[in-house]
Every structure is written in C-alpha cells, then in structure tokens.
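Peer 1: All the letters of the sequence shown, read from the start, carry residue numbers 810 to 899 under the working numbering.
Ideal placement from N, C-alpha and C gives every residue a C-beta, glycine not left out.
None of the values given here were measured: they were computed from a predicted structure.
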Amino acid sequence: MPRFYPLYDVLKAWPFLKRFLYVASLYLVLGFWAATVVAPGTLEGMVYMRPFITPEVHLRVQPEIILQGLALALFVAGATMERPREQVLF
Numbered sequence: 810m811p812r813f814y815p816l817y818d819v820l821k822a823w824p825f826l827k828r829f830l831y832v833a834s835l836y837l838v839l840g841f842w843a844a845t846v847v848a849p850g851t852l853e854g855m856v857y858m859r860p861f862i863t864p865e866v867h868l869r870v871q872p873e874i875i876l877q878g879l880a881l882a883l884f885v886a887g888a889t890m891e892r893p894r895e896q897v898l899f
C-alpha cells in the first residue's frame, strides 16, 4: 500500500538538527504567526484586536508559542529518527 507523505522521506534523510529547525520554523511561521485566526500573538490578532489587546499582551504570549513550536519540533524530529538495528548473534 503506497504512502503519501511528501515530506517524510526528506525529513528522514536530514540530520536531527536540520529536521528540528525546519519543523520548528514551519510551525512558528505558518502555523501560528501567519495563521488566519484572530488570536493574541498572531498577525491577524495584532490588526483586529488593536483597541482591546495591547502590543504588550501580544509580546507576552510569544514565549509560550515558541516553546510549543520547539516541543513539537523535538517530538517530530525524534520520531523520524532511524532506530539502530539489533544484530542477531546466531
């Protein structure tokens, strides 16, 4: 049965650090900062929540967003690592 995961084989071929940085940046830039959701910390939120939410609030949520992106990237980069094969001794 064929798999259709266009990025999976590429991620497996890359070293851990490159996978980690790619997934973290992909999540942070496309998944949160550029998301089309009006929420504190996103670009849409900064435009549409201007009178209610101050720029300070947008900056206060950034550490949580960055930690979520790093945690997700650590999980994905670790999950795509090849496990060492055990040698059979007989």
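Would you mind working out which of P815, R828, T845 sits nearest A888, comparing C-alpha positions?
Peer 2: Within the sequence shown, the letter at position 79 stands for residue 888. Checking every option, the nearest Cα to that of A888 belongs to R828.
Peer 1: Taking only three categories from DSSP, how would you classify I875?
Peer 2: One-based indexing of the sequence shown puts residue 875 at position 66. If DSSP states are grouped into helix, strand and coil, I875 belongs with the helices.
Peer 1: For the alpha helix (DSSP H) containing G850, name the first residue and the last one.
Peer 2: Numbered from 1 along the sequence shown, position 41 holds the residue referred to as residue 850. Looking at the DSSP string, G850 is not in any alpha helix (DSSP H), and its letter there is neither H nor E.
Peer 1: Exposed or buried, which one is T845 when buried takes at least 16 other CB atoms within 10 Å?
Peer 2: Residue mapping note: residue 845 aligns to position 36 of the sequence shown, counting from 1. The residue is exposed, with fewer than 16 neighbouring Cβ atoms inside 10 Å.
Peer 1: For A886, I'd like the list of residues in its chain whose CB is within less than 7 Å of its CB, leaving aside the five on either flank, ordered along the chain.
Peer 2: Counted from its first residue, the sequence shown places residue 886 at position 77. Counting only Cβ-Cβ distances below 7 Å, and skipping sequence neighbours, we find F825, R828, F829, V832.
Peer 1: Please list, in chain order, all residues of the same chain as I874 whose beta carbon is under 6 Å from its beta carbon, the five residues on each side excluded.
Peer 2: By 1-based counting over the sequence shown, the position of residue 874 is 65. Contacts found: F841, G850.
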